[in-house]
Amino acid sequence: MTTQVFTVVLDRQPTDEELDGLYAAGCDDAAFGVEDGLPIGEFDREAPTLADAIVSVVRDVESVGLTVLRVVDEDLLTLADIADRISQSRESVRRYASGERGPGDFPPPVNPRRDGTLFYRWSEVAPWLRQRLQVQLPEANPALVVANLVLQARQHRHQVAHMSALSELLAA
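Sequential numbering of the sequence shown, starting at 194, is according to the working numbering.
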């Protein structure tokens, strides 16, 4: 089996009793702490895939009454972040995004109607860069992207009328 290494953000820092429960539940492969003011768990989980590892961690953490809010990833980026990743200027990347440079059809921002900083998904931008500009980049891990979308949906499921319809959409 492969060791899957990742970090999760928790809803709160575990108490001493919860830490004992986490260890008993199978989280002896984790270190818990606070990073940048956020309670986290860093895992080295043995599992066939990253998706399997994330699911087992969420179940183990929830068994003691804590909630996994998200898996740390680097999917949401600004144009400046994208520029840093591909070693180009921010202006160059801004021109790709606006269509002033390159083949056009740059992935849209996640928050297009917001004033101020726009965010893009690396999982959408990286394939565009690879296909359209022939840039060699490491693959974004779609398991992290989907895991975070599922975790976010779980947090809001009780506030959505007819959530079953949306669940069916995901299953399709």
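Note that beta-carbon positions come from the ideal geometry of N, C-alpha and C, so glycine has one too.
Just so you know, these numbers come straight off a predicted model, no measurement behind them.
6 Å CB neighbourhood of residue i in its chain, flanking five on each side removed
i	result
Ala-336	Leu-243 and Ala-244
Asp-221	none
Leu-359	none
Arg-263	Val-202, Asn-341 and Leu-344
For residue i, the first and last residue of its enclosing beta strand (DSSP E)
i	result
Pro-232	231-240
Gly-226	223-228
Val-303	Segment: none, Val-303 is in no beta strand (DSSP E) and carries neither H nor E.
Thr-203	Just to set this straight, residue 203 is Leu in the shown sequence, not Thr. It spans 195-203 - the beta strand (DSSP E) in which Leu-203 sits, taken as one unbroken run.
Identity of the residue in the options nearest residue i by Cα
i	options	result
Leu-249	Pro-232, Gly-219 and Thr-195	Reading the sequence as shown, one finds Ser at residue 249 and not Leu. Checked all of Pro-232, Gly-219 and Thr-195; the closest Cα to Ser-249 is Gly-219.
Leu-215	Gln-327, Val-198, Phe-312 and Leu-259	Leu-259
Pro-331	Trp-321, Arg-238 and Pro-207	Trp-321
Thr-195	Glu-284, Ala-346, Gly-295 and Pro-241	Pro-241
Val-328	Val-343, Ser-357, Ala-246 and Arg-278	Arg-278
Ala-340	Val-318, His-355, Arg-323 and Leu-363	Leu-363
Thr-310	Met-356, Leu-270 and Leu-359	Leu-270
Arg-347	Ala-223, Asp-237 and Val-261	Val-261
Arg-197	Pro-300, Gly-297 and Ala-246	The amino acid at residue 197 is misidentified as Arg; the sequence shows Gln. For the residues Pro-300, Gly-297 and Ala-246, the minimum Cα distance to Gln-197 belongs to Ala-246.
Opening and closing residue of the alpha helix (DSSP H) in which residue i lies
i	result
Leu-330	Taken as a continuous stretch (DSSP letters only), Leu-330 belongs to no alpha helix (DSSP H), as it is neither H nor E.
Leu-359	356-364
Val-248	243-255
Val-264	Per DSSP, Val-264 belongs to no alpha helix (DSSP H); it is in the beta strand (DSSP E), 261-264.
Arg-209	Note that residue 209 is Asp in the sequence shown, not Arg. It spans 209-217 - the alpha helix (DSSP H) in which Asp-209 sits, taken as one unbroken run.
Leu-311	Looking at the DSSP string, Leu-311 is not in any alpha helix (DSSP H), and its letter there is neither H nor E.
Glu-267	It is not in any alpha helix (DSSP H) - Glu-267 carries neither H nor E in the DSSP assignment.
Arg-278	272-279
Glu-293	Looking at the DSSP string, Glu-293 is not in any alpha helix (DSSP H), and its letter there is neither H nor E.
Contact test: residue i Cβ vs the ligand GTP heavy atom, cutoff 7 Å
i	result
Gly-214	This structure simply doesn't include the ligand GTP, nor any ligand for that matter.
Nonlocal neighbours in the same chain, by C-beta distance under 8 Å from residue i, ignoring five residues either side
i	result
Ile-233	Thr-200, Val-201, Val-202, Leu-203, Phe-225, Gly-226, Val-227 and Val-265
Ile-275	Val-286, Tyr-313, Trp-315 and Val-318
Close Cβ partners of residue i (< 7 Å) along its chain, the five nearest in sequence each way excluded
i	result
Leu-231	Val-202
Gly-295	Tyr-289, Arg-325 and Leu-326
Gln-281	none
Ala-273	Arg-283
Ala-333	Asp-268, Trp-315, Ser-316 and Ala-319
Leu-212	Phe-225
Check whether the segment 248-262 and the segment 194-203 are in contact - that is, three or more C-beta pairs closer than 8 Å. yes
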